[in-house]
Amino acid sequence: MKLFRRKSISQILKQIEAGESESHGGLKKHLRVVDLTALGIAAIIGAGIFSTIGNASAAGGPGVVFLFVFTAIACGFAAFCYAEFASLVPVSGSAYTYSYVAFGELFAWIIGWALIMEYAIGNIVVAISWSSYFATLLSHIKIPALGFADGIILPAWSGIDYFSAKRAFIEAQTSGVDLTSVKSEGVQAWLTAPKMGSLKIIMDIPALVINILITWLVYRGMKESRNASNVMVVVKLLAVFLVIAVGAFYVDPENWDPFLPEGWVGVLAGVSGVFFAYIGFDAISTTAEECHNPQRDLPKGMFNAIIICTILYVLIALILTGMVNYKELRVEDPLAFVFGYRGLNWMSSIIAVSAVFAMASVMLVFQLGQPRIWMSMSRDGLLPKSFSKIHPKYGTPSFATIVTGLLVGIPLFFIDMNTVTDLCSIGTLFAFILVCGGVLMLQTQTDLPRKFKVPYVNGKWIVSGLFLITMCWLMIFQKQWIHDFVNPFVNVESIPNFIFFLVFAIMSVYSFIRSLSVIPVFGILSCLYLMAQIHFHQWLGFGIWLVIGLILYFTYGYKNSLLHKKNIG
4 MKLFRRKSIS QILKQIEAGE SESHGGLKKH LRVVDLTALG IAAIIGAGIF
54 STIGNASAAG GPGVVFLFVF TAIACGFAAF CYAEFASLVP VSGSAYTYSY
104 VAFGELFAWI IGWALIMEYA IGNIVVAISW SSYFATLLSH IKIPALGFAD
154 GIILPAWSGI DYFSAKRAFI EAQTSGVDLT SVKSEGVQAW LTAPKMGSLK
204 IIMDIPALVI NILITWLVYR GMKESRNASN VMVVVKLLAV FLVIAVGAFY
254 VDPENWDPFL PEGWVGVLAG VSGVFFAYIG FDAISTTAEE CHNPQRDLPK
304 GMFNAIIICT ILYVLIALIL TGMVNYKELR VEDPLAFVFG YRGLNWMSSI
354 IAVSAVFAMA SVMLVFQLGQ PRIWMSMSRD GLLPKSFSKI HPKYGTPSFA
404 TIVTGLLVGI PLFFIDMNTV TDLCSIGTLF AFILVCGGVL MLQTQTDLPR
454 KFKVPYVNGK WIVSGLFLIT MCWLMIFQKQ WIHDFVNPFV NVESIPNFIF
504 FLVFAIMSVY SFIRSLSVIP VFGILSCLYL MAQIHFHQWL GFGIWLVIGL
554 ILYFTYGYKN SLLHKKNIG
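Just so we're on the same page, the working numbering is the position in the sequence shown counted from 1, plus 3.
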């Protein structure tokens with residue numbers, strides 16, 4: 004079985020030039036650097052700046068700004084590698100196509116399947132978050148003449164999924180408290196939900212509606228999606244700038260002393276949540292075929308987005324930790340909280356509006372990315388041809404877009420946000436690692452038509468030296484930590500850390516022997532470190548997801564692959 008058969012770059016480029024594909028038409032080119040930068044910002048600025056930044060700040064204090072910088076550097080390493088591949092292979096497919104070139108078909112399928120975690124499954128998280136902010140926004144709209152003196156309050160049963168409400172009700176019932184006095188959204192949803200026979204009607208209606216609207220917009224075309232994204236980015240950036248400008252006048256420098264109240268351990272405690280704030284910058288690489296000049300514009304768009312968002316994240320973190328004591332920030336809506344704490348309630352409405360735009364723009368970019376990956380997989384024969392069908396009028400992968408909308412919409416009836424957040428992060432980090440590894444695989448091929456190349460810095464002594472210094476420091480000063488958090492025989496939750504140090508050791512040896520480039524190596528290590536901070540049971544969930552994908556590959560993809568058919572022919 005030829006599981007690692009590869010597509011050559013020259014083959015892909017010839018296919019583009021000749022227009023030979025199974026896509027039934029071509030995608031329309033509408034995107035330039037400004038549009039790609041806007042799409043990147045649209046994908047990045049969302050739940051991170053409006054939600055997870057609060058918990059990260061509460062864990063690490065003002066020093067959380069270092070965590071944002073560290074995560075930006077990790078994403079920057081990956082962005083360098085994405086940029087090199089985008090200049091080599093300017094087609095839709097992102098990490099899937101890059102893995103097909105570097106590692107072969109099996110790895111390409113695995114990464115394509117894993118990316119569903121980032122785009123489709125990740126959008127479930129965004130849709131649920133959007134619903135929460137939309138409900139908050141409605142609560143600030145007071146129309147006494149229409150009976151909404153205290154704001155427009157949606158019924159509890161219309162803003163939560165069925166199983167979350169049932170679980171909350173059972174927990175409250177088991178505790179023996181008076182259920183009518185419990186203010187939990189889940190309990191109230193279960194008690195007040197209308198019935199259809201014996202079935203309670205409980206569903207997150209705002210999340211379902213925004214998913215339908217975004218799917219329709221993406222289905223209509225890239226030009227419409229681009230225009231909508233640009234408008235939403237402008238609105239939320241104006242809101243963020245307003246937050247920074249107004250908040251600066253209420254900063255108390257004493258709240259920044261000490262700057263690292265919980266030390267580096269506290270700062271690193273929020274690493275997974277902060278990484279989630281950066282998920283999405285890579286999504287713009289899926290639009291390569293809709294760019295006027297992808298080799299030049301995609302790298303610029305990715306780096307512009309990461310730099311701009313990092314600056315904004317650092318400024319927002321400083322504002323938050325300067326306005327109130329960092330211990331007060333363990334809330335779901337930190338921006339609204341700090342301004343309410345300071346008596347600036349009028350800012351809450353502005354923040355709610357900007358959050359609604361921010362979440363919608365994130366959904367838009369993710370919903371753009373997933374169909375284009377499926378389109379590329381379909382072109383290669385790994386998925387049915389219908390996934391690569393291009394709408395004759397709108398110039399979009401129409402069938403794949405509808406399936407993506409269903410994949411996001413259906414789970415909204417029964418799944419909660421916490422279940423899929425970590426899985427989304429794992430899938431994304433896994434993709435980053437393979438892309439960085441792909442650049443290392445192609446490092447010796449100097450004759451490839453690159454228009455952007457990852458700067459080469461010899462890692463012979465840097466990586467191996469860093470590994471030795473790290474291990475010496477841990478063995479001398481952190482023996483107990485190694486015993487508790489790296490030894491898989493003592494604690495099963497330490498398996499991710501054990502894997503990280505094992506890979507670190509292997510990469511240090513290979514870097515010394517083969518003089519590997521530092522940037523992709525650090526990209527692999529930094530992303531794997533972030534993965535290691537996620538609970539082991541989520542790794543198991545990701546493993547089960549990959550097994551399901553492999554079953555589909557061997558039952559359909561392998562025998563229908565175009566490369567397989569060519570080999571037979």
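Using N, Cα and C, we set each Cβ at its ideal position, and we do this for glycine too.
Next item on the list: Decide if E609 is buried, meaning its Cβ has at least 16 other Cβ atoms within 10 Å, or exposed.
Entry: Within the shown structure, residues of the chain are numbered from 4 to 572, placing residue 609 beyond reach of any answer.
Next item on the list: Check whether the Cβ atoms of A105 and P302 lie closer than 9 angstroms to each other.
Entry: By 1-based counting over the sequence shown, the position of residue 105 is 102. By 1-based counting over the sequence shown, the position of residue 302 is 299. No, the pair does not count as a contact, with Cβ atoms beyond the cut-off.
Check: CA-CA distance, Y559 and H567?
Finding: Along the sequence shown, one-based indexing puts residue 559 at 556. Along the sequence shown, one-based indexing puts residue 567 at 564. Roughly 12 angstroms between the two C-alpha positions.
Notebook entry, point to check: Considering only residues of the same chain and omitting the five flanking positions on each side of F166, which have a CB-CB separation below 6 angstroms?
Noted result: As a position in the sequence shown, residue 166 is number 163, starting the count at 1. The beta carbon of F166 sits closer than 6 angstroms to the beta carbons of F417 from its chain, once the five residues preceding and following it are set aside; these are given in chain order.
Margin query: Just to confirm, is the Cβ distance from P65 to A248 under 9 angstroms?
Written below: In the sequence shown, the residue the question calls residue 65 occupies position 62. In the sequence shown, the residue the question calls residue 248 occupies position 245. Result no, Cβ atoms of P65 and A248 do not sit closer than 9 angstroms.
Item checked: Buried versus exposed call for K145 [16 or more other C-beta atoms within 10 Å across all chains shown] -> Within the sequence shown, the letter at position 142 stands for residue 145. Here K145 is exposed: its Cβ has fewer than 16 other Cβ atoms, across all protein chains shown, within 10 Å.
Checklist line | Among M378, G57, L415 and P374, the one whose alpha carbon lies nearest that of T407 | finding: One-based indexing of the sequence shown puts residue 407 at position 404. With respect to the C-alpha of T407, the residue from M378, G57, L415 and P374 having the closest C-alpha is P374.
Check: What number of angstroms, rounded off, separates the C-alpha of T431 from the C-alpha of K330?
Finding: Position 428 of the sequence shown, counted from the first residue, corresponds to residue 431. Position 327 of the sequence shown, counted from the first residue, corresponds to residue 330. So the two alpha carbons sit approximately 30 angstroms from each other.
Check: Would DSSP call L564 helix, strand or coil?
Finding: Counting from 1 along the sequence shown, the entry for residue 564 is found at position 561. Looking at the sequence provided, one finds Ser at residue 564 rather than Leu. Coil at S564, not helix or strand.
Note to self: Whether or not the region 434-444 and the region 511-530 are in contact is what I'm after, with contact meaning three or more pairs of Cβ atoms, one per stretch, closer than 8 angstroms; do they touch?
What the structure shows: Pairwise C-beta distances place the region 511-530 in contact with the region 434-444, as three or more of them are shorter than 8 angstroms.
Check: For S401, which of helix, strand or coil comes out of DSSP?
Finding: Residue 401 sits at position 398 when you count from the first residue of the sequence shown. In the three-state reduction of the DSSP assignment, S401 falls in the helix class, which pools H, G and I.
Checklist line | Minimum C-alpha distance to I155 - residue among A286, S142 and I353 | finding: Working through the sequence shown from its first residue, we reach residue 155 at position 152. With distances taken between Cα atoms, I155 lies closest to S142.
Next item on the list: Ignore the nearest five residues each way along the sequence and tell me which others in L426's own chain have a CB closer than 8 angstroms to its CB.
Entry: The residue labelled residue 426 in the question sits at position 423 within the sequence shown. Cβ contact annotation for L426 (same chain, cutoff 8 angstroms, sequence separation greater than five): M120, I124, Q541, G544, F545 and W548, in chain order.
Check: Between I3 and V243, is the Cβ-Cβ spacing less than 9 angstroms?
Finding: A query on residue 3 cannot be resolved here, the shown segment of the chain reaching from 4 to 572 and no further.
Next item on the list: On a CA-only basis, which of L42, L91 and N307 is nearest S13? Give me that one, please.
Entry: Sequence index remark: in the sequence shown, residue 13 carries index 10 (1-based). Just measuring C-alpha positions, the residue of L42, L91 and N307 sitting nearest S13 is L91.
Margin query: Does N126 come out as helix, strand or coil in the three-state DSSP assignment?
Written below: Within the sequence shown, the letter at position 123 stands for residue 126. For N126, the three-state secondary structure derived from DSSP is helix.
Note to self: Suppose you measure from the CA of K463 to the CA of I509; what does that come to, to the nearest Å?
What the structure shows: For the purposes of this step, residue 463 is taken as the residue at position 460 of the sequence shown. For the purposes of this step, residue 509 is taken as the residue at position 506 of the sequence shown. A straight-line Cα-Cα distance of about 13 angstroms links K463 and I509.
Next item on the list: Identify the continuous alpha helix (DSSP H) that holds T290 and give its terminal residues.
Entry: Within the sequence shown, the letter at position 287 stands for residue 290. Looking at the DSSP string, T290 is not in any alpha helix (DSSP H), and its letter there is neither H nor E.
Checklist line | Classification of Q176 by the beta-carbon crowding that lies within 10 angstroms, buried from 16 upward | finding: Against the sequence shown, residue 176 aligns to sequence position 173. By the neighbour-count criterion, in which a residue is buried when 16 or more other Cβ atoms sit within 10 angstroms of its Cβ, Q176 is exposed.
Notebook entry, point to check: Are the beta-carbon atoms of M366 and A192 separated by less than 9 angstroms?
Noted result: The count along the sequence shown starts at 1 and reaches residue 366 at position 363. The count along the sequence shown starts at 1 and reaches residue 192 at position 189. For M366 and A192, no; Cβs fall outside 9 angstroms.
Margin query: Strictly by DSSP, which residues pair up with I353?
Written below: Against the sequence shown, residue 353 aligns to sequence position 350. Per DSSP, none; premise fails for I353.
Checklist line | Pairwise C-alpha distance: T399 and K5 | finding: Walking along the sequence shown from the start, residue 5 turns up at place 2. Walking along the sequence shown from the start, residue 399 turns up at place 396. Cα to Cα, the separation comes out at about 33 angstroms.
Check: Are three or more beta carbon pairs between the region 278-286 and the region 32-50 nearer than 8 angstroms?
Finding: In short, these stretches touch, since the Cβ pair count reaches three.
Item checked: Nearest-angstrom Cα separation, counted from I127 out to P414 -> The count along the sequence shown starts at 1 and reaches residue 414 at position 411. The count along the sequence shown starts at 1 and reaches residue 127 at position 124. P414 and I127 have their C-alpha atoms spaced approximately 8 angstroms apart.
Item checked: A434 versus P147, F73 and A111, residue with shortest Cα-Cα distance -> As a position in the sequence shown, residue 434 is number 431, starting the count at 1. For A434, the closest alpha carbon among the candidates P147, F73 and A111 is that of A111.
Margin query: Would V489 and N500 be called neighbours here (beta carbons separated by less than 9 angstroms)?
Written below: Here residue 489 refers to the residue found at position 486 of the sequence shown. Here residue 500 refers to the residue found at position 497 of the sequence shown. Yes, Cβ-Cβ distance for V489 and N500 is below 9 angstroms.
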